[in-house]
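Residue numbers (the working numbering), protein chains in the order written: chain A, 49 to 205; chain B, 49 to 205; chain C, 49 to 205.
Even glycine gets a Cβ: it sits at the ideal position worked out from N, Cα and C.
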């Protein structure tokens, strides 16, 4: 059983995850992860075939910090605004303070002329740690259905 | 009034509904329905005009099982991956252990080249039964706004 | 801390907001707002540059009632069906009975031939009042990322 407060914690961390990327608030976004986090972006095709190739791979929070630093500096020229719409999550318990979370996601991008398009579709396979009352992402696996990325993959999905 | 545990049950059954279709886990998907379930896919136009035509009609769980068997066997050649994004549900009580649920849905499809497109948009009008602590779909009415289906309607919406 | 009942109230008012627009039930939609409500639709570009221009501006509920009257009368010729899909909300407390809510939104439109397209993408910055146990929108700021509106902006976003 998942308690209402646990479900709320999961809904909150997913909402924060998408919102902080879309608003470019990457320092707060980093705070959502544990120090020993794993963050991977994998094309669905590779997952299905058991191939190890990733679009992005960070095996701890320092690698994610590096990524954000690079992004923040390169981002000056990023002319697209992302917008995450994350679906209702499936939640199952892995351990007393660890939940497995599965959710569909979509990312839309708008350009400087205010034209929007679908940018990415796929699913999140997450591990959310609840220790200490603050939910944290211990693992974030982004499975990209739309792996034919139509432009630069700069910001995280 | 809808209790937090009841809302959580509705969020969970909606999330399961979409996820299990997208992952092709149709046996578990069938478990979400009651034996006396009704499952209908109706173009919005027909509903508005009071026309009885459906894109899919199952009047009990055995009809749904047949459908899944056909689908599982034909599915070998299905080359699209669906992805459901279901919006926040409106919940109202019909009886002590029966809730009416209304939600917008979108289904995106990705092909084998990793190209994604919007496949279907509409709404769900559901009846969720709470008896025995396990939420089950007693009725699922899918109203399709985008009834000009751009390809085969194989998997359920 | 946000209590489960408070989070449920926010989820419910967001779901009602989108659903009642999509179903054209504007009288019930008006009931979601406080008398002293503010409703604004702002292109993201204007917000970023500090420009005051709005696509829609209602500074109290009477202005919103006027808007709905105009819409209901003009709507006879509206041949598109909107469908809101609203993402998981971020919720923070502003005062004992006032919550700040941030959420991504998408609106899809289907035409009379059943063809659907992405119509609008952006975010909601809301203030939800909880006084009296019934959640009400005291402020709704719609930030439109896709400000190149591809056709008439008749119905609210």
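Between residue i and residue j, what straight-line distance do the alpha-carbon atoms span, to the nearest angstrom?
i, j, result
"residue 59 of chain C", "residue 201 of chain B", "31 Å"
"residue 77 of chain A", "residue 151 of chain C", "16 Å"
"residue 57 of chain B", "residue 81 of chain A", "28 Å"
"residue 156 of chain B", "residue 103 of chain A", "21 Å"
"residue 88 of chain B", "residue 120 of chain B", "19 Å"
"residue 177 of chain C", "residue 184 of chain C", "5 Å"
"residue 137 of chain A", "residue 67 of chain C", "20 Å"
"residue 194 of chain A", "residue 204 of chain A", "14 Å"
"residue 142 of chain B", "residue 49 of chain B", "11 Å"
"residue 85 of chain A", "residue 132 of chain B", "27 Å"
"residue 158 of chain A", "residue 191 of chain C", "12 Å"
"residue 129 of chain B", "residue 65 of chain B", "15 Å"
"residue 91 of chain A", "residue 149 of chain A", "19 Å"
"residue 206 of chain A", "residue 101 of chain A", "Residue 206 of chain A lies beyond the stretch modelled for chain A, which goes from 49 to 205, so this question has no answer here."
"residue 51 of chain B", "residue 109 of chain B", "29 Å"
"residue 189 of chain C", "residue 173 of chain C", "5 Å"
"residue 74 of chain C", "residue 111 of chain C", "14 Å"
"residue 115 of chain A", "residue 168 of chain C", "30 Å"
DSSP three-state call for residue i: helix, strand or coil?
i, result
"residue 211 of chain A", "Because chain A spans 49 through 205 in this model, residue 211 of chain A falls outside it and cannot be assessed."
"residue 195 of chain B", "coil"
"residue 104 of chain C", "strand"
"residue 190 of chain C", "strand"
"residue 151 of chain C", "strand"
"residue 174 of chain B", "strand"
"residue 71 of chain A", "coil"
"residue 140 of chain C", "strand"
"residue 202 of chain B", "coil"
"residue 80 of chain B", "coil"
"residue 182 of chain B", "coil"
"residue 99 of chain C", "coil"
"residue 164 of chain A", "strand"
Within 10 Å of its beta-carbon, does residue i have 16 or more other beta-carbons around it, so buried, or fewer, so exposed?
i, result
"residue 99 of chain A", "exposed"
"residue 164 of chain C", "buried"
"residue 180 of chain B", "exposed"
"residue 175 of chain B", "buried"
"residue 70 of chain A", "buried"
"residue 170 of chain A", "buried"
"residue 96 of chain C", "exposed"
"residue 107 of chain C", "exposed"
"residue 61 of chain C", "buried"
"residue 63 of chain C", "buried"
Using 9 Å as the limit for Cβ to Cβ distance, is residue i near chain B?
i, result
"residue 65 of chain A", "no"
Tell me, to the nearest whole angstrom, how far the beta carbon of residue i is from that of residue j; I am working on the premise that it is less than 8 Å.
i, j, result
"residue 139 of chain C", "residue 153 of chain C", "With 8 Å as the limit, residue 139 of chain C and residue 153 of chain C do not qualify as a contact, their Cβ atoms being about 15 Å apart."
"residue 54 of chain B", "residue 147 of chain B", "7 Å"
"residue 196 of chain C", "residue 145 of chain A", "So it is not a contact: roughly 46 Å between Cβ atoms."
"residue 166 of chain B", "residue 166 of chain C", "7 Å"
Consider the Cβ of residue i: report whether some Cβ of chain A lies at a distance smaller than 9 Å.
i, result
"residue 174 of chain B", "no"
"residue 161 of chain B", "yes"
"residue 196 of chain C", "yes"
"residue 134 of chain B", "yes"
If we cut at 9 Å on Cβ distances, does residue i have a partner in chain C?
i, result
"residue 156 of chain A", "yes"
"residue 91 of chain A", "no"
"residue 127 of chain B", "no"
"residue 152 of chain B", "yes"
"residue 52 of chain A", "yes"
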